[in-house]
Every structure is written in structure tokens, then in C-alpha cells.
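In our numbering, the protein residues as written are -15 to 52.
Okay, here's the thing in C-alpha cells:
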């Protein structure tokens, strides 16, 4: 879960952060796709989300793939 969604619960010890063997300390990377019909492209919020995903992906790519 995003830290901002659980930080209060962590601080008040209702939740505990787990150190999972093999999981990077900065979290796991998950593949994501934005799929939409060409006849019905996303509106402003959808375009913002796609741009934000591209921006985040471009700063963390380590496998040599490109983001389109």
C-alpha cells in the first residue's frame, strides 16, 4: 500500500512494516498498461494519469525497455 495511506496506522502501531526477503527496500515494480479505444481517448484526468505513469516509469527503468 502507499505509505501515505498507512503512515498514521504505522505510527500508532496498528500496522507493522514487514521486511520481505528478496523485495527491494524501495518496493516492488509492477508492470502497468493504459488501454483505451482510439475512438474514445481518455479525458484530461486520464491523460494526466498516463503521463504520470510514463514519468515515473522513465525514472526507474533498469531493463533497457522504452516507455511509449
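Every residue gets a Cβ at the ideal spot worked out from N, C-alpha and C, and that includes glycine.
Please classify residue i: does DSSP put it in a helix, a strand, or coil?
i	result
residue 32	helix
Taking residue i as part of the alpha helix (DSSP H), name the residues at either end of that continuous run.
i	result
residue -5	-13 to -5
Who are the near neighbours of residue i in its chain, counting only those whose CB is closer than 6 angstroms to its CB and skipping five residues on each side?
i	result
residue 22	none
residue -13	none
Length at least 3, wholly inside the region -4 to 25: the beta strand (DSSP E) runs in chain order: none
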